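All you need for the working numbering is the position in the sequence shown, starting with 1, plus 969. Heads up, the beta-carbon is just placed ideally off N, CA and C, and yes, glycines get one too. Computed from a predicted structure; not experimentally measured.
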Amino acid sequence: MRFGIHTLDEYDVGGKTVLCRVDINQPVDPATGTLKSINRIQACVPTVRELSQRGAKVVLLAHQGSDIEYKNFYTTFPHAKVLSELLGREVRFLDDVTGPAAREAIRSLKDGEILLLDNVRFCSEEQTLFEMKLKLSHEQQAKTQVVQKLAPLADLYVCDAFAAAHRDQPSLCGFEQVLPSAMGRLFEQEFCVVSGVMESPERPCVFVLGGAKVSDAFLMMETVLSGGAADQVLTGGLVGNILLAAKGEQIGGASLDFIQKSNYGEFIESSKPLLARFGGKIVLPTDAAYLDADGKRREAKIGAVPADAGLLDIGHETAKLYTEAILSAKTVFVNGPMGVFEKPETEYGTKAVWQALGETKAYTVLGGGDSITATEQYGLVSKMGYICTGGGALIRFLTGEELPVVRALRHAAKTFPTDKPKG
Ligand code: ADP
Ligand code: MG
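Listed below in structure tokens is the structure:
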């Protein structure tokens, strides 16, 4: 037991049917239908390999994209191929999740065999719970099709989907109501790294917060500053722009419009108390970049930003300031790029800060889809201390909230006995 959750060490999985929920959600190239990244598939390999090698019949359950904009909403067929190659053994795929074909395939698995079912968000109950259009308690989630059809075929549920641990959905929180459950190795590792940063970081501990996940970023900032984990928070991206506006700085009409259109306007007001309380620890950009009428990069000091500008990156002076802070830190936690790094005109700040992350002797923990993309783009993957598969889950975890999947796994730990009780 670790963090109130059972681990794989506590179960004899040989000969058992293990339903393992992974997060292998990856960006898909819409033109070719191929995966643009495979980092999450790589990350789940240790758990899948261990289950298979220990003789379990492994049934993998995963989601891919969502129907909110039908972006990346796709079958998990390509994932099975990639996983097969990474494991060096066959991963069977079936374009079914809970139907008779899926259930028959599960029943026919032999020890050590691996089967990946299709995108679990093709099941309506899973999908309608996405972004909480429908609310179901964990007990109700246990009554959904996916749990009712699959749980009777399984002996153990394993959740390795740390990146989806903030999602309150049947494939993540329902099985724990009816099956003995454990976290997978990746889940355990990410939980351990992230709670380590939260509870006992080597100091100075610097948080670098950029990007666009505004509401969670502010909640998290409050938690890590009031709890004492963060000695300093360096801000950029949309988060930085909002804080600058909260401080009363002129950030340009286009920046303000973008904040309003993204429905983040209220944060300009609501972050004022945070600035008042922790002003000394929250570092704001001192200069920023915008594009002129010809689409060329221009920089201005904060205080001298043109009235209509849209701030899309931190400036050179801020990048230098942040680089120095990162180089003299002992722990650095990073989520969110410093600007619109997807465009060459506005990638400077992110690139400079990321290079400092690669250079520093500090233990660096980084998470978030776009932050990972930047790390790959700048060839810095091997230079980071730990790269989390989670983005949303990671910062939600750092707000101090008990994530739905953690709550469900703890419930199962209290409800169902293990094969090898400790002691
Ligand atoms: P992650 O995926 O690493 O968790 P987010 O998704 O929160 O990061 O934020 C990344 C997005 O934020 C990128 O698409 C980037 O273009 C955007 N972004 C960064 N800075 C700005 C800015 N100043 N204005 C608008 N969007 C920004
Ligand atoms: Mg993102």
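Contact between the region 1239 to 1253 and the region 1308 to 1322 is not established, with fewer than three Cβ pairs separated by less than 8 angstroms. When Ser1340, Asp1064, Phe1046 and Ile1083 are compared, the shortest CA-CA separation from Thr1016 is found for Ile1083. Membership of Val1374 in any beta strand (DSSP E) is not indicated; the residue belongs instead to the alpha helix (DSSP H) covering Pro1373 to Thr1384. In this structure, DSSP gives Glu1370 a state outside helix and strand, which the three-state scheme calls coil. If you draw a straight line from the Cα of Gly983 to the Cα of Ala1025, it comes to about 5 angstroms. Boundaries of the beta strand (DSSP E) around Cys1174: Cys1174 to Leu1178.
Three or more Cβ pairs closer than 8 angstroms define a contact, and the region 1227 to 1247 falls short of that threshold against the region 1287 to 1302. In this structure, Gln1096 and Asp1036 form a Cβ contact; the two beta carbons are roughly 6 angstroms apart against a cut-off of 8 angstroms.
For the 9 angstroms CB-CB criterion, His1048 and Ala1071 do not form a contact. Between Asn1304 and Gly1179, the CB-CB gap stays under 9 angstroms.
In the three-state scheme derived from DSSP, where H, G and I count as helix and E and B as strand, Asp1080 is classed as coil. For Asp1339, the distance from the CB to the nearest heavy atom of the ligand MG is below 8 angstroms. Assignment of alpha helix (DSSP H) within the region 1270 to 1325, counting only whole runs of 4 or more residues, yields 1285 to 1296 in chain order. Ala1132 has its Cβ no nearer than 8 angstroms to any heavy atom of the ligand MG.
With fewer than 16 other beta carbons inside 10 angstroms of its own, Tyr1039 counts as exposed.
At least one heavy atom of the ligand ADP is found less than 8 angstroms from the C-beta of Gly1180.
If you check the C-beta of Gly1360 against the ligand MG, you find a heavy atom less than 8 angstroms away.
Three or more beta-carbon pairs separated by less than 8 angstroms link the region 1200 to 1210 to the region 1253 to 1269, which places the two stretches in contact.
Secondary structure note for Thr986: its beta strand (DSSP E) is the uninterrupted segment Thr986 to Arg990. With fewer than 16 other CB atoms across the displayed protein chains lying within 10 angstroms of its CB, Arg971 is exposed. According to DSSP, residue pairing for Val1252 in a beta bridge involves Leu1203. Leaving aside the five residues that flank Ala1276 on each side, the residues in its chain whose CB is nearer than 8 angstroms to its CB run, in chain order, Gln1219, Gly1221 and Gly1222. The beta carbon of Val1116 is closer than 7 angstroms to those of Gln1110, Pro1139, Gly1143, Phe1144 and Val1147 in its chain, skipping five residues each way along the sequence.
Counting other Cβ atoms within 10 Å of its Cβ, Lys1383 stays below 16 and is therefore classed as exposed.
With fewer than three CB-CB distances shorter than 8 angstroms, the region 1003 to 1022 does not count as touching the region 1183 to 1202.
If you draw a straight line from the Cα of Lys1330 to the Cα of Ala1321, it is about 16 angstroms long. Distance check between Ala1134 and each of Phe1366, Ser1093 and Leu1194 places Phe1366 closest, using alpha-carbon atoms only.
Per DSSP, the beta bridge partners of Ser1150 are Tyr1126. Only residues of its own chain outside the window of five on either side were considered, and among them Val1175, Ile1295, Ala1331 and Thr1333 have a CB closer than 6 angstroms to the CB of Val1301, listed in chain order. Per DSSP, the beta-bridge partners of Leu1029 are Cys989 and Leu1085. Around the C-beta of Lys1182, 16 or more other C-beta atoms lie within 10 Å, and the residue is accordingly described as buried. For Arg1061, no alpha helix (DSSP H) encloses it; the enclosing beta strand (DSSP E) starts and ends at Val1060 to Leu1063. The Cβ atoms of Ser1150 and Cys1128 sit closer than 9 angstroms to each other. Under the criterion of beta carbons closer than 8 angstroms, Gly1336 and Leu1378 do not qualify as touching, at roughly 20 angstroms. Residue environment analysis places Pro1069 among the exposed positions, since fewer than 16 neighbouring C-beta atoms fall within 10 angstroms of its C-beta. Counting the other Cβ atoms within 10 Å of the Cβ of Ser1106 gives fewer than 16, which makes it exposed.
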